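One line per chain: the protein sequences are Z and W, in this order.
Sequence positions in the first sequence follow the numbering used here and run -11 to 391.
Sequence positions in the second sequence follow the numbering used here and run -11 to 391.
Glycine included, C-beta positions come from ideal geometry on N, C-alpha and C.
Predicted, not measured: the structure shown is a model, and the values here were computed from it.
Note sheet for the following structure.
There are 2 protein chains.
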Amino acid sequence: METHTFFLHLVIILITARVFAEIAVRLCAPPVIGELFAGIIIGPSLLGWVEPSNIIKLLAEIGIILLLFKVGLETDIKRLADSGKKSILVAVTGFSLPLILGFSISFWLFSIPLLESLFIGGTLTATSIGITVRVLKDLKLSDSHEGNIVLGAAVLDDILGVMLLALLYEFSIGGGINWLNAGKVLVFIIAFFALAPILAKLMSLIIRRFQVISGISGLIPTMIVSLVLFFAWLAHIIGAPELLGGFAAGLALSRRFFLPLGVNLHSDARFAKNIHRQMRPIISLFTPIFFVLIGLSIDLHAIDWSSSYIWGFSLALFGIAVISKMAGAFFINESRGSRYLIGISMIPRGEVGLIFAELGKLSGFFNNETHASLIIVIILTTILPPFAMKWLQKTYSHTFNNS
Amino acid sequence: METHTFFLHLVIILITARVFAEIAVRLCAPPVIGELFAGIIIGPSLLGWVEPSNIIKLLAEIGIILLLFKVGLETDIKRLADSGKKSILVAVTGFSLPLILGFSISFWLFSIPLLESLFIGGTLTATSIGITVRVLKDLKLSDSHEGNIVLGAAVLDDILGVMLLALLYEFSIGGGINWLNAGKVLVFIIAFFALAPILAKLMSLIIRRFQVISGISGLIPTMIVSLVLFFAWLAHIIGAPELLGGFAAGLALSRRFFLPLGVNLHSDARFAKNIHRQMRPIISLFTPIFFVLIGLSIDLHAIDWSSSYIWGFSLALFGIAVISKMAGAFFINESRGSRYLIGISMIPRGEVGLIFAELGKLSGFFNNETHASLIIVIILTTILPPFAMKWLQKTYSHTFNNS
């Protein structure tokens, strides 16, 4: 693609994302819905103006990593620790139930081969943390008790989903599972989340020292983006999804974060605020690209709408996708409104689901119909929950622990 | 290239650029020198850690366009108009003399074929506006009388250079010059610079209107980056270099800019300041990538250092490159210090020169020795002038009309 064509595509993405986000807000839907629709409209499904090229994908990836960084930066680690057990319960249920039910219905009810059924179950496992977080943020609930549970659960969920993906992928090409490697990846991830905050805190000390003596402007954006991308690279190297690196970097620079090492490494409020103010324009610029990309990746023409198998299979999978994700919220001790909010917040599938669907197709496991059904389920789980969350927020807002 | 590898490359570029820029400042050199050296060090010449991939080139292009936007935004159009005649004189002399002298010495003294000699002359024509502007900014002279003359001259120079490139390129592939097309491109560029400010001003009115009623943050960075990239695309479409689009967009949104249409379209100071504040982190993030890329594009190993032809030819071309660019400044009525500053500011070649050299090589006109000589001249003209400018600023600073 030539440079000027790329510029035009980027302009179309940024402007349509903005226009449809504004329309969505006026129709009482979260902006992310508008951005998804912008992608569907300008993508291969309708106008075909923009293709999801590699560079757009890279910018979208930076967008989602930076969003996760922002989420991490705003996360209150103490509160996340308080909701830790509940998050784990929601995550483990929301991971295992879709896998088991998705596999079972495919294998026994629709007589789909073993490996294909496992891939279908896997596609249903991972909550799209990006979409959920954005919707929670738009509803001003990302800082709430429920938001923290969902955030923690979605992060764990994503790790489990990506590890399952790595496992299934190895299984599909190697003809057998290497349990030793799988164990190694798990140990690496735990070590990463334990060490990342210390590394980031030391780097923030370096930034603050140099900010005083530097004669050139722009130290904060350059160093913070470098830190975030370095953590993303590190996350990939140890076998975790890259966006977890962004989350870890944000968490470590968070204002409310504290280390057991003592107050020496405790960053002050003004520094965190300064980081926030300088990073906001960069984050708002990149983040919508990710949500437009999800819309761009959906080609409505690729689906054979006349097949009744598609509709039946899609409906069955959608039911499982909704029920199995909501179930976890009903195992924890919360009010009815909070349970619904947590359960529904866990429903959206997105990036990891799409990666599963893509890999399943590329590996030759999914035929067109199965692939189409999974894409329908991903679209529905992505598009419908924000409306339900919006409605819940209006109905139960007095019961949510917002602070 | 895989995503995580790209992230690591970007981190290496951002961090080394910053480190070497800080070192350069401590050695009393402008930061841009440090960033160029960072590119040479991490690139194929030395460590070979980072290759100038397509995506890095795109980000660098965005960086230089955004820098030109910033320059335009800070440009006082009235003062530029005051220095207009002088800019034109400096530009026309600084364009035609290097072309004529570069051609003559190649054709008659070194017996190089006609078209090859024309390409060599062309390579010497265009001042690297990016490097010059950055150095002037670092010396706090970009807002001075001399800075405005250089800026105007370098912009005109770049247009002339790129038009010559288009002409020579057509000449090289078509076997003859199409004068009709050349005239069309010229008319388009004039129309573009006349209409761009009106378009940008109308868009700024839309931004300001929506900023009040929008419920979603991040309107300014999204819309401004879109506007800048759209103008870059437009500039390309009409046959001008893309960075001129960025410059036109910045100029049009400038606080001091006024239209003959009247005060209705006159934007207020707070809005311009708001744009500036929100765009600064994005601009500081992208700009260094461009200067690192220049360093990355230079492969010191590609040069056969034992050839005496290289040294003689390089020395002759370097002499011409310096003298022919400085000559223009001595045709205008300025103090001695100002003449030296303007003349030396026009010397750096960079992006357009490298594009000429690249195209000349790709078209088969340049053998390795000629190509190497041109690259040496581009490196020397890029690296030496900032030191001279720094020295001049110290020696003659009392005579420069800085405000």
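query	result
For S391/W, name the three-state secondary structure that DSSP assigns.	Note that S391/W scores 47 on pLDDT, short of 50, meaning its location in the model is unreliable; the coordinates nonetheless yield the value given after this. Note: S391/W maps to coil in three-state DSSP.
Are at least three pairs of beta-carbons, each pair with one atom in the stretch 92 to 110 of chain Z and one in the stretch 268 to 279 of chain Z, less than 8 Å apart?	no
Whose Cβ in chain Z lies nearer than 8 Å to the Cβ of H(-8)/W?	A220, W221, H224, I225, E230
For T111/Z versus P336/Z, is the C-beta spacing smaller than 8 Å?	no
Taking L15/Z as the reference, give the member of K378/Z, S130/Z, I282/Z, Y384/Z with the closest Cα.	K378/Z
Using a Cβ-Cβ cut-off of 8 Å, state whether G234/W counts as contacting chain Z.	no
Span of the alpha helix (DSSP H) holding A220/Z?	207 to 225
Residues of the stretch 203 to 217 of chain Z with a CB closer than 8 Å to any CB of chain W: list them in chain order, please.	G203, I204, S205, G206, L207, I208, P209, T210, M211, V213, S214, L217
How should A26/W be labelled, buried or exposed, when 16 other C-beta atoms within 10 angstroms of its C-beta is the threshold for buried?	buried
Could you give the first and the last residue of the continuous alpha helix (DSSP H) run that contains G238/Z?	230 to 241
Is there a C-beta anywhere in chain W that falls below 8 Å from the one on G283/Z?	no
In whole angstroms, what separates the C-alpha of N262/W from that of G82/W?	37 Å
Short check: CB of A141/W to CB of V78/W, under 8 Å?	yes
By the DSSP assignment, the alpha helix (DSSP H) with K128/Z in it spans what residues?	First-last for K128/Z: undefined, no H or E at that position.
Let me know the secondary structure DSSP gives W96/Z once reduced to three states.	helix
Do the stretch 321 to 333 of chain W and the stretch 126 to 141 of chain W make contact, defined as three or more Cβ pairs closer than 8 Å?	yes
Candidates V310/W, D146/W, L222/W: which alpha carbon is nearest F176/W's?	L222/W
Enumerated in chain order, which unbroken segments of the alpha helix (DSSP H) with a length of 4 residues or greater are wholly contained in the stretch 287 to 322 of chain Z?	296 to 315
Going by beta carbon distance, what residues of the same chain come within less than 7 Å of F319/W, once the five residues before and after it are set aside?	L77, T81
For a test of the three-state rule: what should DSSP assign to L112/Z, helix, strand or coil?	coil
Compute the Euclidean distance between the alpha carbons of A179/W and A240/W, then round it to the nearest angstrom.	14 Å
Going by alpha carbons, who is nearest to A12/W out of L24/W, A345/W, E62/W?	L24/W
Run through chain W and tell me which residues come within less than 8 Å of V(-1)/Z, C-beta to C-beta.	S214, L217, F218, W221
Would the beta-carbon of I43/W fall within 8 Å of that of L46/Z?	yes
So the candidates are L362/W, L153/W, M334/W, L148/W; which of them puts its Cα closest to the Cα of I119/W?	M334/W
Which of the three DSSP states, helix, strand or coil, is assigned to N136/Z?	helix
Is it true that the CB of S202/Z sits closer than 8 Å to the CB of L61/Z?	no
Indicate whether Q40/W and L347/W have their beta-carbon atoms separated by less than 8 Å.	Per the sequence shown, residue 40/W should be read as Pro rather than Gln. Cβ atoms of P40/W and L347/W: not closer than 8 Å.
Does the CB of L249/W have a neighbour CB from chain Z at under 8 Å?	Low local confidence applies: a pLDDT of 37 at L249/W is under 50, so the model's placement there is unreliable, and no value is given.
Taking the CB atoms as reference points, tell me whether F218/W and V(-1)/Z lie closer together than 8 Å.	yes
Taking P86/W as the reference, give the member of F375/W, K382/W, V365/W with the closest Cα.	V365/W
Among L187/Z, G109/Z, G171/Z, V138/Z, which has the Cα closest to the Cα of G149/Z?	G109/Z
Over the uninterrupted alpha helix (DSSP H) stretch that includes G352/W, give me the two end residues.	Neither: G352/W is in no alpha helix (DSSP H) and is coded neither H nor E.
Counting only Cβ pairs nearer than 7 Å, list the residues of chain Z close to S272/W.	S205, G206, P209, T210
My guess is that P19/Z and D126/Z are in contact by the Cβ rule of under 8 Å, so how many angstroms apart are they, rounded?	6 Å
Quick check on L(-4)/W: buried or exposed, where buried means 16 or more other Cβ atoms within 10 Å of its Cβ?	buried
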